[in-house]
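These notes concern the structure reproduced below.
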Amino acid sequence: MRKLPKKQSIFLPDEWSVIEEEFEPKNNFMLETIFTVANGYLGLRGNLDEDFPDKSQSFKATYINGFYEEYDITYPEGGYGFAKRGEAMVNVADVKTFEITIEDEKFNLFSGKIDKYIRKLDMRSGTLVRKIIWESNSGKKIYIVFERLACFKRQHLGAINIKIKPLNFSGRIKIVSKIDGNSSNLLETEDVRVGSGIEKFPFETIKAYCDELNGFLMQKTKKSRLSYGCMVDHVLSFDGFFCKSFADKEKNLVIFEIEFDAKKDMEYSLTKYFSYFTQRDVEENLIEERCAGEILEAKKIGVENLLKEQREFLESFWENADVVVKGDPEIQQAIRFSLFSLLQSTGRNGISNIAAKGLTGEGYGGHYFWDSEIYVMPFFIYTYPEIARMLLIHRYNLLDAARQRAKELHHRGALYPWRTIAGKECSAYFPAGTAQYHINADIVYAIKKYFEATDDFNFIKNYGAEIVFESARFYADLGHFSEEKDGKFCIFCVTGPDEYTALVDNNAYTNYMVQMNLEFAARLYNLLKETDKEAFERLCNKLKLSEQEIDLWQKIADNMYLPYNAKLKIIPQDDSFIYKKRLDLSKIPEDQFPLLLHWHYLDIYRYQVCKQPDVLLLIYLLREKFTYEDLKNNYEYYEPITTHDSSLSPAIFSILAVELNLLEKAYEYFRYTARMDLDDLNDNTKDGIHAACMGGAWQAIVFGFGGMRTNKDRLSFAPKLPEDIEYLSFKIKYMGNVLKVEITKSIASYTLLEGENIQLSHYSSNFELKRGQTKEFILAN
Ligand code: BGC
162 MRKLPKKQSI FLPDEWSVIE EEFEPKNNFM LETIFTVANG YLGLRGNLDE
212 DFPDKSQSFK ATYINGFYEE YDITYPEGGY GFAKRGEAMV NVADVKTFEI
262 TIEDEKFNLF SGKIDKYIRK LDMRSGTLVR KIIWESNSGK KIYIVFERLA
312 CFKRQHLGAI NIKIKPLNFS GRIKIVSKID GNSSNLLETE DVRVGSGIEK
362 FPFETIKAYC DELNGFLMQK TKKSRLSYGC MVDHVLSFDG FFCKSFADKE
412 KNLVIFEIEF DAKKDMEYSL TKYFSYFTQR DVEENLIEER CAGEILEAKK
462 IGVENLLKEQ REFLESFWEN ADVVVKGDPE IQQAIRFSLF SLLQSTGRNG
512 ISNIAAKGLT GEGYGGHYFW DSEIYVMPFF IYTYPEIARM LLIHRYNLLD
562 AARQRAKELH HRGALYPWRT IAGKECSAYF PAGTAQYHIN ADIVYAIKKY
612 FEATDDFNFI KNYGAEIVFE SARFYADLGH FSEEKDGKFC IFCVTGPDEY
662 TALVDNNAYT NYMVQMNLEF AARLYNLLKE TDKEAFERLC NKLKLSEQEI
712 DLWQKIADNM YLPYNAKLKI IPQDDSFIYK KRLDLSKIPE DQFPLLLHWH
762 YLDIYRYQVC KQPDVLLLIY LLREKFTYED LKNNYEYYEP ITTHDSSLSP
812 AIFSILAVEL NLLEKAYEYF RYTARMDLDD LNDNTKDGIH AACMGGAWQA
862 IVFGFGGMRT NKDRLSFAPK LPEDIEYLSF KIKYMGNVLK VEITKSIASY
912 TLLEGENIQL SHYSSNFELK RGQTKEFILA N
């Protein structure tokens, strides 16, 4: 068994904020990720406002969700169907760095003296605030406050407010503000999980101008040929300043030099508004106009009102989504940080999704994976279904690309890319990429869960069903009925979720999930046929669906090969897994983890060793198909050989451990999941947050300690609190109802806040709640 990493936190466990109390340069890289402010569209990495001098410990970045550059994937030994052209999220123009000069001395925390310092990411106000009292080498003291936000309600808009107060002098202050279009991207690194093949500077600047305090820069990517524009404007709270601005297209810069005479004890405030639009949002020739519209509106509203709007938006978010944990303040902070980060990361416009690292860094090239559907989406389905819907619509918008990919691989239907931004398969290593054919079923699973939780038939008939059918068609073509396996339907040469085992036959996870896809497809076909003739006919015509095809899907589902080993009483991960040598993880030195960075894949594939749960994930997702004994036997079999080298791993172990009454262990896995980024437990937070892990933290609360299951005709709960948690509460949206669940060591209570009535169960007791009603149950110790 592998020991899970633990670290002392550098943050105080504030319930609603993440606070840096002392400027500590050695934490800079990781803090840039933690202090990101983003709104699902625009991501401003938490770089220092005045810049960080040591470039080896800093990465300055601004991202737009879904905005990408392409690159050629080159293989010295290529092969047919290999992904040829990748897409990577690009770092766009920077607007958040300022040079501030007090008389002749530059404000910079590496010189002079810091008298007071605080940086705070406030999860209720949605802002990053720094407050500093700084004394220059010549003894001039200023109080300076920076406040940054990416507006949740206005996805294309952000603002930075700077307040400066001279504390012991009167003198000249100069602020240089920019649109700096020289942002660079991370190139491929030793760590295969970081960087991409795009050029360091992938843009040509096509426009740059300024007019006093206003300026605009427009750039176009060299390969994907996508433009974006960035407009800024400045509003000063005082008169008598002097502004010199200039734009240089060749240098990719727009610069504003603002100077004024500051008087002792007076406060001077500057607000910089910025707006970004891309050619993925609007026609290229409208970008400038749309940026200008956004800026004009922002200036009219003013920064105070934008801050108010931001707070209101978050108030309503927390009202639905908050999880309250008492007993371990670090967990309270971590769970809120996770939910806040998910909100910050998630695209809501149908052309973007949730990158594995959110909008905080370039790990995994800014790609979208199954992380979205299996790890993050449950949080949105049960708290903010409108966002879950948009994420699924984004998948729908990639359906044509998925059809193309299936065709390229000589298959029918559609095959979603393992990792992508705009629809192309971007995985250069096919054994842990394209071979993860389960991606289709993962998307279908999310559609099914979304539908079951919302009854959104409109979504199903306009988007969901088409994905489900095309995916079913693909799988029916991927496998075959094998005589040697008693005529059962088998699927050969695939990779399941566990990336330490690749290109195997009959991966259990894949086979079961394909069965789910086919059954769901048949169910939707019948549902449409019975309830919406028009939609039914439209889809049948569009996809050329026939009753025979549906019969075939049902036949495959009924005859799917579902592996089981009676001797070991477990589900073998695939046909060959159990015959391999089991790796004793306790004998592997800690510095060898993650194995993928220190061992050749062939060496890894040869053993019974898992990066992450595979059979156990299957048992969790399709819980109704397995008995308690199945869960116990498989948990005991797979846990000792799981490295948790993927951050997606521990949450699932936590959830299953609760059901097995291993509460201490469950809590340890949960803690590892919840504190992953705040405590930099995998030493790579600098490359970006672990979004799937954050979604896993929510699932560990709700499905783990809350014991929620959604598989029957009712929501069921089997709550159990670990030693360290005294009280837990969360809300669930289900079929238009809002349910509040509160759990203490001795009582579980359920209150229906919205909706007419809801059918629930607490352990084996079924009950109904009407609006406003609460029902309590005593929890046995
Ligand atoms: C995991 C994948 C995951 C990817 C992105 C990998 O380490 O093995 O399951 O999709 O990271 O988070």
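Per the numbering used here, the very first residue in the sequence shown carries number 162; after that it's consecutive. Each residue gets a CB set at the ideal place from its N, CA and C atoms; glycine is no exception.
The beta strand (DSSP E) enclosing residue i, as first and last residue numbers
i	result
F541	Taken as a continuous stretch (DSSP letters only), F541 belongs to no beta strand (DSSP E), being part of the alpha helix (DSSP H) at 538 to 544.
K487	484 to 487
W295	288 to 296
M674	Segment 669 to 692 is the alpha helix (DSSP H) holding M674; no beta strand (DSSP E) there.
Q920	918 to 923
Residue i classed as buried or exposed, judged by whether at least 16 other C-beta atoms fall within 10 angstroms
i	result
T439	buried
K277	exposed
G526	buried
G242	exposed
P546	buried
Q169	exposed
G867	buried
A254	buried
N845	buried
D752	exposed
Through-space distance from residue j to residue i, alpha-carbon basis
i	j	result
T581	L560	13 Å
M837	I542	23 Å
E445	G204	21 Å
Y202	I496	22 Å
F754	H641	38 Å
I456	F435	7 Å
N623	I554	10 Å
G856	A835	9 Å
F681	Q709	16 Å
Q920	K748	50 Å
E569	K585	12 Å
L882	P174	21 Å
R509	K314	11 Å
N346	I535	29 Å
L713	S385	41 Å
R149	D638	This structure leaves residue 149 out entirely; the chain is present only between 162 and 942.
L475	L431	25 Å
A244	D233	9 Å
H571	L763	28 Å
G332	A423	5 Å
Beta-carbon proximity list for residue i, same chain, < 6 Å, skipping 5 on both sides
i	result
L270	F184
I146	Here the chain covers residues 162 to 942 and nothing more, so residue 146 does not appear.
P578	E586
V443	R451
T615	P546
D426	none
L914	V899, K901
D848	V355, G522, G524
K302	E296, L328, N329
Terminal residues of the alpha helix (DSSP H) in which residue i lies
i	result
V355	Per DSSP, V355 belongs to no alpha helix (DSSP H) and is neither H nor E.
A614	599 to 615
F172	Neither: F172 is in no alpha helix (DSSP H) and is coded neither H nor E.
A858	852 to 860
Proximity test, Cβ basis, 7 Å: residue i and chain E
i	result
R699	Here chain E cannot be found, since the structure has a single protein chain.
Close Cβ partners of residue i (< 7 Å) along its chain, the five nearest in sequence each way excluded
i	result
S477	none
L192	E181, G207
H851	S808, M837, D838
L783	Y673, M677
D212	T258
N558	G511, I512
Proximity test, residue i beta-carbon vs the ligand GDP heavy atom, cut-off 6 Å
i	result
E660	Ligands in the displayed structure: the ligand BGC; the ligand GDP is not one of them.
Counting pairs of beta carbons, one from the segment 373 to 388 and one from the segment 402 to 418, are three or more of them closer than 8 Å?
yes
Counting Cβ pairs, one atom from each stretch, are 3 or more of them under 8 Å apart for the segment 805 to 822 and the segment 458 to 472?
Judged by Cβ distances under 8 Å, the segment 805 to 822 makes no contact with the segment 458 to 472, as fewer than three pairs qualify.
Taking 8 Å as the threshold, find out whether the segment 189 to 200 comes into contact with the segment 264 to 283 through three or more Cβ pairs.
Touching, yes, given that three or more Cβ pairs across the two stretches are closer than 8 Å.
Inter-stretch contact (C-beta, 8 Å, three-pair minimum) for the segment 222 to 229 and the segment 521 to 528
Because the criterion of three Cβ pairs below 8 Å is met, the segment 222 to 229 and the segment 521 to 528 touch.
Is the segment 592 to 610 touching the segment 645 to 656, taking contact as three or more C-beta pairs under 8 Å?
yes
Are the segment 355 to 365 and the segment 306 to 320 in contact at 8 Å, needing three or more beta carbon pairs?
A contact is defined here as three or more CB-CB pairs under 8 Å, and the segment 355 to 365 fails this definition with respect to the segment 306 to 320.
For the segment 881 to 895 against the segment 483 to 499, are there 3 or more C-beta pairs whose distance is under 8 Å?
yes
Do the segment 684 to 693 and the segment 727 to 747 make contact, defined as three or more Cβ pairs closer than 8 Å?
no
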